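All residue numbers for the sequence shown refer to numbering that gives the first Met the number 0, where the first residue is 0 and numbers rise by one.
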Amino acid sequence: MTFSPDVLRFADGSDVTADDVKDRRLEILDLLAANAYGRFPPKPRAVTGDMEDTGERTCCGHAVEKDVTVAFDTPKGNYFFPVNYFQPTGNGKHPLIVCLNFRPDRYDKYVPAEEVIDRGYALATLYYEDVTSDDGDFSDGLAGMFDRPMDGTGYGKITLWAYAASRVIDYFSTLPEIDADEIAVIGHSRLGKTALWCAANDPRVKYVCSNGSGCMGAAYGLTHHEGGETLADITRVFPFWFCSNLLRYPDHMEKLPFDQHLLIAACAPRYVCVNSAEDDAWADPYSEQLACVGASPMWTLHGTDGFVGPETPAKVGDGFPDGHIAYYLRDGLHYLGRADWNHFMDFIDGKKV
Ligand code: GCU
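Below, the structure written as structure tokens:
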């Protein structure tokens, strides 16, 4: 099938070539910022981390629990938020997985820390509402630290959560035990949307996993399947996740200047893992797979493989990890489970240098 807009066509209609594929990425990011998620606030001048040893060894002694406070300057003073860090005790440098999470707890049903540590990764988790509340209050937390433009392109909450994940990377990539060339970000559902938007903008993210991210995440919107969330649904209930320009489109889908394959394409030539679950119709698994297909030509222009898998619907249990975009369909519900983490880590392990 053909995807709209065409990844390999600039907004002015001209073809994207291998020489200007980087410009196309910037154009896509601008399009998505201006029409979907809102523009990022300015980067801080300095980011620091205050790391406190809880004294607790965990994961059979293969990690130490550290409480980290990440702090940085904003136009309205300093802002800081906590991060749960599982610092590996093994020698050498470790790849880092940054997990955006729904709860502040260190030990959480969505975070199989011991499995992650046992596979040689360092792990940092942040609780999204420590960044800013999940509602329309733009005076809360980080949302209140900038003058938010009122021209329709002002940041939505997803942009702020993505911004915070980048600040975590600022600090953790300076640590001697972290391999700053091997940084991964994972998120589920609204935080899967956030993980993709973070990775699209932050080239230090080498691997991103979007789990059950659905509408305005990994799901291509124009092919809507039964039970799937629509742009009208999401903007009615969660308008504050996005910039207000997005509200122009639910009633005028023919004018929509982007679709979600572009969000994945903006991560090229890095690695994207899209996970879906069979009983998660709301996230529209098949449309998530199709976005992988639609994004793939961006990698081709980079001279490498994008999605190596079918355009016909995956079967439960299928996984297509051979290219730079992986797609997995597992059984079960909307959930960030061990199977999802294992798929992501299998994918990364297959690509690490
Ligand atoms: C709602 C929303 C989804 C979102 C999900 C979540 O169901 O409609 O778009 O992904 O919440 O974050 O759990």
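Built from N, CA and C at the ideal position, the CB exists for glycine as well. All values derive from a computational prediction rather than experimental measurement.
Counted as a single uninterrupted DSSP element, the beta strand (DSSP E) harbouring C208 occupies residues V204 to N210. Its chain contains L95, A179, I182 and R203 as the residues whose beta carbon lies nearer than 8 Å to that of S172, once the 5 sequence neighbours on both sides are disregarded; these appear in chain order. Collapsing the DSSP output to three states places F71 in a strand.
DSSP, read as helix, strand or coil, puts M0 in coil. When the alpha-carbon of Q86 is set against those of F80, V67, D72 and F71, the nearest one is in V67. Annotation for V115: the continuous alpha helix (DSSP H) segment containing it runs A112 to D117. By the Cβ rule, the segment 42-60 does not count as touching the segment 265-273, because fewer than three pairs are nearer than 8 Å. For A123, the enclosing beta strand (DSSP E) covers residues A121 to Y126. At the C-beta level, F239 and G135 come within 8 Å of one another.
In this structure, DSSP gives V352 a state outside helix and strand, which the three-state scheme calls coil. Contact between V46 and Y170 holds, since their C-beta atoms are separated by about 5 Å, short of 8 Å. The Cβ neighbour count for G322, taken over all protein chains shown within 10 Å, is at least 16; the residue is labelled buried.
Check the Cα spacing between A264 and each of G12, D11 and R24: the tightest is with R24. Taken from the Cβ of R38, every heavy atom of ligand 1 lies 7 Å or farther away. Between the C-alpha atoms of E55 and I157 there is a straight-line separation of about 33 Å. N77 sits exposed, since fewer than 16 C-beta atoms from the chains shown fall within 10 Å of its C-beta. Pairing L230 with A218, the inter-Cα distance amounts to about 11 Å.
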